[in-house]
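Position 295, counted from 1, in the sequence shown is what this note's numbering calls 295; the numbers after and before it change by one each time, with no gaps.
Note that beta-carbon positions come from the ideal geometry of N, C-alpha and C, so glycine has one too.
Bear in mind the structure is a predicted one, so any value in this text is a computation, not a measurement.
Here is the structure we will look at.
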Amino acid sequence: MGMSAGQGRLLAITARLTSNEYESQQISNAKMRLSTQSEEASSAYIAALNTQQLQYVTYDAKGNQNTQKLSVGAMYQYSDMKNQYIVANAAGQALISGEDADKFQNANNLDEFLQSYGLKKQWKSKTLEANYNKLQSEEFKAVKEAWDAEKAKYSEAIYDETTGFMYTAPEYDKDKNIISYQDKDGNKYTYAGDDDKGNRLYTFKDKTINSGNFISSDQQWANEKSAASDAYAKAMADYTEAQEKSANGLDVDMSTYLTITSNAKAKYTSCITKDNWLSSRASYAYKGYIANTNEDGSAEMSYSYDFNKVSDVCKDMEKYDTVIAEFNAEAADYGTNMEDLYEYDDKAKAQWYTNLWYRLNGSSTDKTKQGELGQNYSKIDSKLLSSTTWLQDAILQGAVTVELAATDSPSSKINASDPTVTDLTGISWNSTIYTSCSDLTQSDDDQAIARAEAEYERKTKEISDKDQKYQNKIKILETEHSALQTEYESVQSAMNKNIERSFKVFS
């Protein structure tokens, strides 16, 4: 081999060796990356083995346990053996389903809300039910609203030393002088006569040593109600005693005692509500100004106003008052709470959705301003409602809180003025830490583990296949490198011999 040819061949072999070594280095780096990927896959798999899933545990009537992944929908699904939870956002609003939100928005009161879930009241008597339905009717509601509007017109009245009562409503100016200032020395205010409608007015008297003392109709009502209650209790006691005497053979006129008892009950019934009392007694809150006092140091005042006979609107209240009186009189025979008057066909379910109403609306059984504005709740997306991952992440990250409903002898006192509107008591919603809830547990996430295992096996096989491919390539490169190295040495040896021969020829 000539010198030039040998040198050219050496250069070609050297270039190929360099390329071979570079490619081998690249493959070695790739194998190192495979090692890193293998470690990452292993770490991900180990992490998945430690994955915990929040579970929701419930029990059926037989005590059988049912465990499912925690979701808002699972928590909100009614069951009589479940604790009742609400998920609240950072603003404190209850996150509720669109169905629950729509039912609440469409309900004017608790009765309508419960009816939307198929719940019905079973009243203790037909007359209670009939009178309650009358009070809830649009006709009676309109009468009550008109009555309240009329009553408001009387709320601002002051005593004037020379003209008596002054009314802010112009239509009542004609009646303002039915009470007149009389006899300054006696410090009394009495009738100027019957009013222009021919109604004889009832007079109340009160004594005070304080000039300008405020005397309210609330106090007068309380006084009369207390007296009527005592009189009714005494009449009942006398009637019971008369019955015992009659049973022992004594000659007792029971009809007299019965009449006295009936009259006492009617008197007490007329005082049960302030509206009834206003209708029958026509009390009025006022401020009196007394210039002088009596010899005993007291000042005597009398005032009157026939509230019931001022307008036709008030007269219309007679029907309302009659129904109220009948309802309250019969209700008193059953108890003091509305729950004493009826039962729901599904008591547990009724309490569940009553608790929900309380959380969304407040304690009133009538729709409140907050309820109308929807300030206490927010609709949750239907996808999030059923999502098991969203709720868990939201709880663990503190984006939402869990509230637990609690009841302690829940009830609603009978509102004697309007039995259709009462305040719920004995219900509360309390924020709680999920780890303290016995029916919220954690367990291995089998699905997550299965997915991680499949992914680990896939990645491991992929890495193994690549590693084998790289290993085969390295073997080929090593074989090629060995052959190139041998050829390089052979060419180098041939060139060295040629150089030696050339030196011998020319030496």
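What would DSSP say about residue i, mapped onto helix, strand or coil?
| i | result |
| --- | --- |
| Gln25 | helix |
| Ala91 | coil |
| Asn131 | helix |
| Asn187 | Unreliable positioning characterises Asn187 in this predicted model, as indicated by a pLDDT of 33, which lies under 50. The coordinate reading is nonetheless provided below. Three-state result, Asn187: coil. |
| Lys461 | helix |
| Thr365 | coil |
| Gln37 | helix |
| Gln471 | helix |
| Asn108 | coil |
| Lys413 | strand |
| Gln442 | strand |
| Tyr377 | strand |
| Asp418 | coil |
| Leu396 | helix |
| Tyr488 | helix |
| Ser493 | helix |
| Ser19 | helix |
| Ser382 | helix |
| Ser116 | coil |
| Ser482 | helix |
| Ser226 | helix |
| Thr14 | helix |
Identify every residue that forms a DSSP beta bridge with residue i.
| i | result |
| --- | --- |
| Thr432 | Val402 |
| Ile427 | Thr407 |
| Gln122 | Glu343 |
Given a threshold of 16 other Cβ atoms within 10 Å of its Cβ, counted over all protein chains shown, does residue i qualify as buried or as exposed?
| i | result |
| --- | --- |
| Lys347 | exposed |
| Arg451 | exposed |
| Ala227 | exposed |
| Ile380 | buried |
| Gly118 | exposed |
| Gly98 | exposed |
| Gly371 | buried |
| Ser137 | exposed |
| Asp251 | exposed |
| Ala247 | exposed |
| Ile433 | exposed |
| Asn20 | buried |
| Leu440 | buried |
| Leu373 | exposed |
| Thr435 | exposed |
Indicate whether residue i and residue j have their beta-carbon atoms separated by less than 7 Å.
| i | j | result |
| --- | --- | --- |
| Leu34 | Tyr56 | no |
| Tyr257 | Tyr239 | yes |
| Ala88 | Glu326 | no |
| Ala94 | Tyr377 | yes |
| Ala235 | Ala266 | no |
| Val400 | Ala406 | no |
| Met338 | Ile414 | yes |
| Thr422 | Thr365 | yes |
| Asn361 | Ile427 | no |
| Tyr352 | Gln84 | Residue identity check: residue 352 is Trp in the sequence provided, not Tyr. Yes, Cβ-Cβ distance for Trp352 and Gln84 is below 7 Å. |
| Lys124 | Leu341 | yes |
| Glu487 | Ile27 | no |
| Gln442 | Leu54 | yes |
| Ala74 | Gln68 | yes |
| Thr58 | Asn64 | no |
| Ser24 | Leu477 | yes |
| Ala41 | Lys459 | yes |
| Phe113 | Trp357 | yes |
| Thr420 | Leu110 | no |
| Val508 | Arg16 | Not covered by the structure: residue 508. The range shown for the chain is 1 to 507. |
| Ala416 | Ile272 | yes |
Taking 6 Å as the cut-off, is the CB of residue i close to at least one heavy atom of the ligand GTP?
| i | result |
| --- | --- |
| Arg451 | Of the ligands one can find in the structure shown there are none, so the ligand GTP has no counterpart to examine. |
Item checked: Complete alpha helix (DSSP H) runs within the segment 230 to 280 (minimum length 4 residues, chain order) -> 254 to 272
Next item on the list: Go through the segment 54 to 106 residue by residue and report every complete run of the alpha helix (DSSP H) that reaches 4 residues or more, in order.
Entry: 72 to 76, 98 to 106
Notebook entry, point to check: Taking only runs of the beta strand (DSSP E) that begin and end inside the segment 313 to 360, which ones reach a length of at least 3 residues, in chain order?
Noted result: 342 to 344
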